[in-house]
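Student:
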Amino acid sequence: MTKSLIWSILLKVQRFLSDTLCLRIRKQGCQALQLRPETISVITNDGRNIVGVLKGFDQATNIILDESHERVYSTKEGVQQLVLGLYIIRGDNISIVGEIDEELDAGLDLSKLRAHPLKPVIH
């Protein structure tokens, strides 16, 4: 993924969250919203890639994922998927959130995919 594509996705997610859901979040606080079950990918500040079904979020961008797993990338072997199950990610540890096209994702052969792991964000 190119940086411009990542930023484009991030801006779309930010607009979606701020434009359509801000008022509902403020009214409901930290409660889970009635969302369509969307599979998303979250890149954390420490370089982890966590994929799961979005179940809820709050005004601090804390995210609740169900059926989640972490994708661990390596240059020597294929992508490992570590099962996490129900998982909460703190908003201050989230770098990028993006929706996953499940058909395209299912077509990927992760055992043959090799990549350098992401480095942590340095502030």
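Numbered by this note's numbering, the letters in the sequence shown go through residues 657 to 779 in order. Glycine included, every Cβ here is placed at the ideal spot set by N, Cα and C.
1) In angstroms with no decimal places, state the Cα-to-Cα distance between A716 and L760.
2) With a threshold of 6 Å on Cβ separation, who are the neighbours of V709 within its own chain once the five nearest residues in sequence on each side are excluded?
3) Just to check my reading of the structure: L740 and E726 have Cβ atoms closer than 8 Å, yes? What is that Cβ distance to the nearest angstrom?
4) Out of V777, L766, D714 and P776, point me to the one whose CA is closest to T731's CA.
5) Go through its chain and collect everything with a Cβ distance to D702's Cβ below 6 Å, but skip five positions before and after it.
6) Flag E759 as yes when its Cβ comes closer than 7 Å to any non-hydrogen atom of the ligand PLP, and as no otherwise.
7) Rounded to the nearest angstrom, how far is the Cβ of I750 from that of I719, given a contact under 8 Å?
8) Quick one: Cα of Y729 to Cα of V698, how far?
Tutor: On the basis of the coordinates in this document:
1) 30 Å
2) P693, T695, D722 and E723
3) 6 Å
4) L766
5) P776
6) This structure lacks the ligand PLP; in fact it carries no ligand of any kind.
7) 7 Å
8) 14 Å
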